[in-house]
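Colleague: 1295 is the number of the first residue of the sequence shown in the working numbering; add one for each residue after it.
C-beta: ideal position from N, C-alpha, C; glycine also.
Remember, predicted model here, so these are calculated numbers, not experimental data.
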Amino acid sequence: MKNKKVLFVLFIIILLLCGVLFYESHSISYKYNNWWIKKHSIKEVKEKYGSFDYGDKDFDNYVNKSNAKTLVAGYFIKKGKVDFENIWLYIEYDANSFKVIRVYEGRQMGG
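(1) Helix, strand or coil for GLY1276 per DSSP?
(2) Can you look up PHE1370 in the DSSP assignment and give me helix, strand or coil?
(3) What does DSSP give as the partner residues of TYR1399 in its beta bridges?
(4) Do you know whose CA, among ASN1297, PHE1392 and LYS1372, lies nearest LEU1383's CA?
(5) Between which two residues does the alpha helix (DSSP H) carrying TYR1326 extend?
(6) When DSSP labels each residue in this structure, what does LYS1333 get in the three-state scheme?
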């Protein structure tokens, strides 16, 4: 009987730990793992999650014509009451190496 209680408590602790880890790694959206995205190139992100909703649509034939140091791509997360309130997951990356610099949540860009 005592072993069952210990196993039950251990199971609850493990379950809570898994929940906290998932919440932290998917803090912007449950669909996208922020930790995984930060460790991979923007090309690998596109392979895993599909085409970007925001950013360069012709990504595979991309040429940095603006000589920008960083670029942004993104995925739509949540619709707002009006278009400019839409929530996006933005991925800022190096324009030359395609390495992800940061991942953040933000309102729709443009104006």
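Modeller: So, from the listed chains and residues:
(1) Missing from the structure shown is residue 1276; the chain here goes from 1295 to 1405 and no further.
(2) strand
(3) One point to set straight first is that residue 1399 is Glu, not Tyr, in the sequence displayed. DSSP lists LEU1383 as partners of GLU1399.
(4) LYS1372
(5) Element bounds for TYR1326: n/a, residue is neither H nor E.
(6) coil
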